[in-house]
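Colleague: So the sequence shown is numbered by UniProt numbering: it starts at 1 and just counts up by one. All C-beta atoms, glycine included, are put in the ideal place defined by N, C-alpha and C. Treat the numbers as computed from the prediction; the structure is a model and nothing was measured.
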Amino acid sequence: MKLNERSLAFYATCDSPADNAGFLYKRGERHTAYHRRWFVLKGNMLFYFEERDSREPLGVIVLEGCNVELCDSAESFAFAIRFGGTKSRTYVLAAESQAAMESWVKSLSRASFDYMRLVVRELEKQLQEMSRGLAGGCGGSREPPGPWKPKPSGLEQSRERLPALPAILPKENGCAVWNNAPGADRPPDTSGCDGHEEEEEEEGNPRPPPLPPRRRVSNGEAASVAESPSTFCRLHEQYSREVARLRQDWQQRRRGPWP
């Protein structure tokens with residue numbers, strides 16, 4: 001495999017996010033001594049540097065066609081990267097703790113394209129099973145689902161159930177009245193003659209129901225007295241006379257005593 005060293009050095013030190021990074025102990029190929037190196041995993045490439053701030057990597061391990069497994073070594077928390085083939089090299093690495101070793105083994109095992117290919121196939125299989133299950137649950141309908149529509153809220157549903165109100169409500173003294181039937185604002189007939197009312201009912205014009213009382217009568221007082229227009233007139237005249245008398249007294253006090 002041919003690799004461009006300059007491109008690899010740039011990729012190893014660029015600001016692209018790394019899948020894993022940290023210090024590991026790497027056993028030499030000729031000498032069995034372990035050296036502490038800074039490792040950076042990006043995709044299926046494992047770079048190792050002499051120091052954390054080094055500008056160029058010492059080497060790179062392409063994680064394709066390999067297995068990551070634990071191994072027996074003089075160092076604790078050791079694991080190996082083994083490649084297929086008789087002349088392939090085996091990389092023995094050691095972490096500084098159990099948690100770091102498990103993290104590195106998991107990351108390295110999932111770094112190859114072979115693993116990603118298996119994951120994609122499994123996801124495609126699950127998607128096909130879900131699609132068949134949805135088609136079977138819908139009775140085998142092949143029509144695509146229609147556009148999604150939001151469910152109406154409780155306020156909109158209550159508005160739909162409300163009856164339509166008239167455009168202009170009849171008013172009495174600036175306030176809307178309950179009865180909007182024609183002739184409802186006509187004052188009631190107190191003459192006691194019911195002949196005309198019976199004739200109107202026979203002709204198909206029923207008498208509208210009376211207006212509701214404007215206030216509740218808590219004591220035995222009759223409601224008709226509170227609603228009678230003559231009561232308002234009497235009160236108006238009484239207060240008018242009182243105001244006129246007070247005004248006349250005030251004007252006399254302002255002029256002063258008669259000489």
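#1: Kindly give me the distance between the Cβ atoms of residue 12 and residue 40, rounded to whole angstroms, as I take these residues to be in contact under 8 Å.
#2: Rounding to the nearest angstrom, what Cα-Cα distance links residue 99 and residue 81 in this structure?
#3: Quick check: what's the CA-CA separation for residue 19 versus residue 56?
#4: Quick check on residue 111: buried or exposed, where buried means 16 or more other Cβ atoms within 10 Å of its Cβ?
#5: In chain order, what residues of the same chain have a beta carbon less than 8 Å from the beta carbon of residue 29, not counting five sequence neighbours either side?
#6: Look up residue 38 in the DSSP assignment and give the residues it is bridged to.
#7: Which residue marks the beginning of the alpha helix (DSSP H) containing residue 6, and which one marks its end?
#8: Taking 6 Å as the limit between beta carbons, can you name the residues of its chain near residue 26, skipping five residues before and five after?
#9: Please list, in chain order, all residues of the same chain as residue 135 whose beta carbon is under 6 Å from its beta carbon, the five residues on each side excluded.
#10: Go ahead and label residue 104 buried or exposed: buried means 16 or more other beta carbons lie within 10 angstroms of its beta carbon, across all protein chains shown.
#11: Have a look at residue 236 and residue 250 and give me their C-alpha separation to the nearest angstrom.
#12: Applying the criterion that 16 or more other CB atoms from any shown protein chain within 10 Å of the CB defines a buried residue, is residue 225 buried or exposed?
#13: Bridge partners of residue 113, per DSSP?
#14: Quick one: residues in its chain with C-beta nearer than 7 Å to the C-beta of residue 22, no 5 flanking neighbours on either side, listed in chain order?
#15: Out of curiosity, what's the CA-to-CA distance linking residue 217 and residue 254?
Modeller: Straight from the coordinates:
#1: The pair is a contact, with the Cβ atoms about 6 Å apart (cut-off 8 Å).
#2: Roughly 18 Å separates the two Cα atoms.
#3: 19 Å
#4: buried
#5: Closer than 8 Å at Cβ, skipping near neighbours: 89.
#6: 23, 49
#7: 5-13
#8: Excluding five sequence positions before and after residue 26, the CB atoms of its chain that fall closer than 6 Å to its own CB belong to 35, 37, 93, given in chain order.
#9: none
#10: buried
#11: One C-alpha to the other measures close to 21 Å.
#12: Since pLDDT at residue 225 reaches only 45, below the 50 mark, its modelled position is unreliable, and the value read off the structure follows with that caveat. Exposed: under 16 other Cβ atoms inside 10 Å.
#13: Under DSSP, residue 113 takes part in no beta bridge, so it has no partner.
#14: 39, 100
#15: Note that residue 217 scores a pLDDT of 49, beneath 50, so its modelled location is shaky; the value from the coordinates is reported in the next line. Taking the straight line from one Cα to the other gives about 45 Å.
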